[in-house]
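Counting with the UniProt record's numbering, you get residues 1 to 425 for the letters of the sequence shown. Ideal placement from N, C-alpha and C gives every residue a C-beta, glycine not left out. See below for the structure under consideration.
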Amino acid sequence: MTDILDDLAWRGLIAQSTDLEEMRALLAAGPVTLYCGFDPTAPSLHLGNLIQILILRRFQKAGHRPLGLVGGATGLIGDPSGKSAERVLNSEETVAGWVERIRGQVSRFLDFDDGQTGATMVSNLDWTGPMSAIEFLRDIGKHFPVNRMLARETVKARLDTTGMSYTEFSYVLLQSMDFLELYRRHGCVLQTGGSDQWGNLTAGVDLIRRVEGGSAHALTTPLLTKADGTKFGKTAGGETYWLDPELTSPYAFYQFWINADDRDVEKFLKVFSFRSREEIEDLVKQGAERPAARVPQRALAEEMTTLVHGADETAAVIAASKALFGQGALKELDERTLRSALAEVPRTEIPPGDLPPVVDLLATSGLCKSKSEARRTITQGGVYLNNAKVESEDAAPTSGDLLHGRFLVLRRGKRNIGGVEVTAS
Ligand SMILES: N[C@@H](Cc1ccc(O)cc1)C(=O)O
1 MTDILDDLAW RGLIAQSTDL EEMRALLAAG PVTLYCGFDP TAPSLHLGNL
51 IQILILRRFQ KAGHRPLGLV GGATGLIGDP SGKSAERVLN SEETVAGWVE
101 RIRGQVSRFL DFDDGQTGAT MVSNLDWTGP MSAIEFLRDI GKHFPVNRML
151 ARETVKARLD TTGMSYTEFS YVLLQSMDFL ELYRRHGCVL QTGGSDQWGN
201 LTAGVDLIRR VEGGSAHALT TPLLTKADGT KFGKTAGGET YWLDPELTSP
251 YAFYQFWINA DDRDVEKFLK VFSFRSREEI EDLVKQGAER PAARVPQRAL
301 AEEMTTLVHG ADETAAVIAA SKALFGQGAL KELDERTLRS ALAEVPRTEI
351 PPGDLPPVVD LLATSGLCKS KSEARRTITQ GGVYLNNAKV ESEDAAPTSG
401 DLLHGRFLVL RRGKRNIGGV EVTAS
């Protein structure tokens, strides 16, 4: 069996943990049941959650048994960990809908065969829902000294600022109860999570010891940072990269990885890729030797897009990015792929009817700052319409140029793409 802890350490995936040598011995002794929980706070999980899902997958590949927990109960309460203000409660119907979507998303990354390492999905609403308030306070609440709860980082930070409701203050009890319940039902002895979860994880370890006299472990991954200081997993405009293809197109997803900063790509490969250490080191070396070829970025983009969206979608987005940059036939792209590719670039919408001259389109799409700049760029031979060089300042597209009856692709130089869409009348 691969030493999973050494592998995780090499990948930079261990932030905090209970006694690592004890954990190593436990993992070496046979299949260990572990869990990670995901709260339904949105209709989809995002790139940050992917790290945790893949941790479960890594443990499974190393011969252990993962439990994926969806917070049907905790999603109704709201985890205050790392949050500077009280959350707004979502309705029960909304949360129930999100639970199902997120259950499906986590499942896609795990194996459910019925061997010793087969995964199981659970929702904490199954044991939290039927419990009475009296039972909760007597059986769980009794084990949580208030002064210890008040000393928790999350609580301290909020008490000094925006305050915290009793609802969120109680969250840690629910998550601890989950760990206890999974320990009892499935023999689960390890919980993983992001570093903001350390307090919630160790509270569960304590509860298992107090109630069952059992020994359990916790392991967190560090917060992933980017070299340019912007937040990992967000667009420049602050939007989240979701795993759901309806919320973030596979094209945008692929572009996220392709555009990884040279300074970040080694870290991203280690955190996300399932390639071996040797393969990753080789990719990093190729990147250092010829940064412009973006070999590690391409490998990562292809691997991650395939993992999350499948091989067909990946082939389609690779074809789209090649075609947009002049290395393939635009006419062969299906409408959905072309539309999502153009959604990522400066764009202009025009009404049906006569098509305006290219100079106008360059200016209104934002590809050129003004019409005079547009004219100059055309004269210099730097403008392409559907990958064909525009030869004259007066050139105008005809309806025959429209891709799928409504799109045009403009390009300035090698790298800058703009889109035109004829809107329905
Ligand atoms: N609190 C975790 C989600 C979670 C919920 C219940 C658990 O038992 C475990 C984890 C988060 O916000 O990311």
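Which residue comes first and which comes last in the alpha helix (DSSP H) that contains residue i?
i    : result
F59  : 47-61
Y251 : 250-258
P296 : 295-309
A363 : 358-365
V265 : 265-272
G287 : 277-289
S195 : Looking at the DSSP string, S195 is not in any alpha helix (DSSP H), and its letter there is neither H nor E.
T230 : Element bounds for T230: n/a, residue is neither H nor E.
S165 : From DSSP, S165 is part of no alpha helix (DSSP H); its letter is neither H nor E.
A223 : For the record, residue 223 in the displayed sequence is Leu; it is not Ala. No alpha helix (DSSP H) contains L223, which DSSP labels as neither H nor E.
M121 : Where M121 is concerned, there is no enclosing alpha helix (DSSP H), although the beta strand (DSSP E) it sits in stretches over 120-123.
D79  : Premise fails: D79 is in no alpha helix (DSSP H) and is neither H nor E.
T94  : 92-107
I140 : Where I140 is concerned, there is no enclosing alpha helix (DSSP H), given that its DSSP letter is neither H nor E.
Determine the contact status of residue i and residue j, defining contact as a CB-CB distance below 9 angstroms.
i           : j    : result
N387        : A320 : no
L243        : N49  : yes
R24         : L5   : yes
G204        : F169 : no
L56         : H217 : no
V383        : A396 : no
P245        : H309 : yes
L182        : F144 : no
L307        : F268 : no
F38         : G12  : no
I140        : S176 : yes
V359        : K371 : yes
residue 483 : Y171 : With the chain represented from 1 up to 425, any question about residue 483 goes unanswered, as that position is not in the structure.
L47         : T337 : no
K142        : L150 : no
P40         : R101 : yes
Leaving out five residues on either side along the sequence, give the residues of the same chain with a beta carbon under 7 angstroms from the beta carbon of residue i.
i    : result
S165 : E86
Q255 : E344
G287 : D262, V265, V295, P296
L402 : L408, V422
L125 : G72, A73
L20  : L5
I280 : L269, K270, S273
K61  : none
L159 : none
M1   : Confidence at M1 is low in this model, with a pLDDT of 45, below 50, so its placement is unreliable and the value that follows should be read with caution. Around M1: A62, G63.
Could you check where the beta strand (DSSP E) with residue i kicks off and where it finishes?
i    : result
S372 : Premise fails: S372 lies in the alpha helix (DSSP H), 371-379, not in any beta strand (DSSP E).
Y241 : Element bounds for Y241: n/a, residue is neither H nor E.
V383 : 383-385
Return the bridge partner residues of residue i from the DSSP annotation.
i    : result
G37  : L69
I350 : V422
V409 : G419
C188 : T33
K389 : Y384
S132 : Note: S132 sits in no beta bridge, so no partner.
S17  : L219
L403 : F407
Excluding the 5 residues preceding and the 5 following residue i in the sequence, name in chain order all residues of the same chain whose CB lies nearer than 6 angstroms to its CB.
i    : result
Q105 : L45, L243
T364 : T348
V420 : T348, L361, L408
Y35  : L67, L69, L182, C188, Q191
W10  : none
Does any CB atom of chain D fall closer than 9 angstroms to the CB of residue i?
i    : result
E246 : In the displayed structure, chain D is absent; only one protein chain is listed.
Mind reading off the beta-carbon distance from residue i to residue j? Whole number of angstroms is fine, and I expect it under 8 angstroms.
i    : j    : result
F325 : M304 : About 20 angstroms separates the two Cβ atoms, so there is no contact after all.
T225 : W198 : That belief does not hold up - the Cβ atoms of T225 and W198 are roughly 17 angstroms apart, past 8 angstroms.
A119 : P66  : 5 angstroms
T33  : G187 : 5 angstroms
In chain order, what residues of the same chain lie with their CB nearer than 8 angstroms to the CB of residue i, ignoring the 5 residues before and after it?
i    : result
D334 : A316
G214 : Y183, V189, I208
Confirm the yes/no value for this check: CB of residue i, any heavy atom of ligand 2, distance under 8 angstroms.
i    : result
F232 : Looking for ligand 2 in the displayed structure turns up nothing; the ligands present are ligand 1.
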